[in-house]
Amino acid sequence: MSRTKNLVLTALLIAIVFIATYFRVPLAPDGGLVHLGSVALFVISVVFGKRMGAVTGAVGMALFNLSTEWAVWAPFTFVIRITMGYIIGTIAYMGGSEGRNIKLNILAGLVGAAWFIPASYVAGAMILSNWAIPVTHIPGNVTQIVLMLALGVPLATVLMKHKRHFM
213 MSRTKNLVLT ALLIAIVFIA TYFRVPLAPD GGLVHLGSVA LFVISVVFGK RMGAVTGAVG
273 MALFNLSTEW AVWAPFTFVI RITMGYIIGT IAYMGGSEGR NIKLNILAGL VGAAWFIPAS
333 YVAGAMILSN WAIPVTHIPG NVTQIVLMLA LGVPLATVLM KHKRHFM
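First residue of the sequence shown: 213, per my numbering; consecutive thereafter.
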């Protein structure tokens, strides 16, 4: 892929993550929310790989934070999501599967969740200077992961069949 095409694709995918994150349901005034950004991060990581998933997920969601009342979360979101996208993309591409193995993709999402949920808890505790309040964010984070897998696995499966059109 040419550098120009890669840059345009990256910008487009960042915008998709941002928009998907913007459709959210706030759960708590202190930062808890459920959004579709995790679905976008998952799909991009499976379809385009670990680097694209990591970068677009981290930048798209951190930009969302910076443009809303959740700006204080931006650096934490960036680190958490860049790692999550990298984990998902790495596992989804294991053994040469290149994102085409549904079982590996589900495993990738679950391992990404195993990073995301505790990392988000620690970030919340640091931001709020309180280790108890972020416990209230965990149900929303679990809901976000369930949505990520329920919507992301079938969407990634369909998009993988048409991946050659994106490249």
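A virtual CB, placed ideally from N, CA and C, is assigned to each residue, including glycine.
Near residue i, what residues of its chain come up, given a Cβ to Cβ distance below 6 Å and the 5 sequence neighbours on each side ignored?
i	result
residue 309	316
Who are the near neighbours of residue i in its chain, counting only those whose CB is closer than 7 Å to its CB and skipping five residues on each side?
i	result
residue 304	257, 258, 311, 316, 317, 320
residue 325	357
residue 337	343, 346
residue 283	277
Quick check on residue i: buried or exposed, where buried means 16 or more other Cβ atoms within 10 Å of its Cβ?
i	result
residue 264	buried
residue 230	buried
residue 247	buried
residue 378	exposed
residue 362	exposed
residue 235	exposed
residue 381	Any property of residue 381 remains undetermined from this structure, which presents the chain solely from 213 to 379.
residue 349	buried
Report back the beta-carbon spacing between residue i and residue j to the nearest angstrom; my notes put them in contact at under 8 Å.
i	j	result
residue 364	residue 237	Incorrect: roughly 18 Å between the Cβ atoms, too far for contact.
residue 274	residue 295	That belief does not hold up - the Cβ atoms of residue 274 and residue 295 are roughly 13 Å apart, past 8 Å.
residue 249	residue 233	3 Å
residue 271	residue 226	5 Å
residue 335	residue 292	6 Å
residue 269	residue 297	4 Å
Say yes only if the C-beta of residue i is nearer than 6 Å to one or more non-hydrogen atoms of the ligand NAP, and no if none qualify.
i	result
residue 279	Judged by which ligands are present, the structure shown has none, so any question about the ligand NAP falls away.
With DSSP as the reference, please indicate the residues paired to residue i in a beta bridge.
i	result
residue 238	245
Quick check on the DSSP output: the alpha helix (DSSP H) that includes residue i runs from which residue to which?
i	result
residue 315	314-340
residue 352	350-372
residue 298	286-304
residue 347	Premise fails: residue 347 is in no alpha helix (DSSP H) and is neither H nor E.
residue 376	Unbroken run through residue 376: none, as it is neither H nor E.
residue 268	262-278
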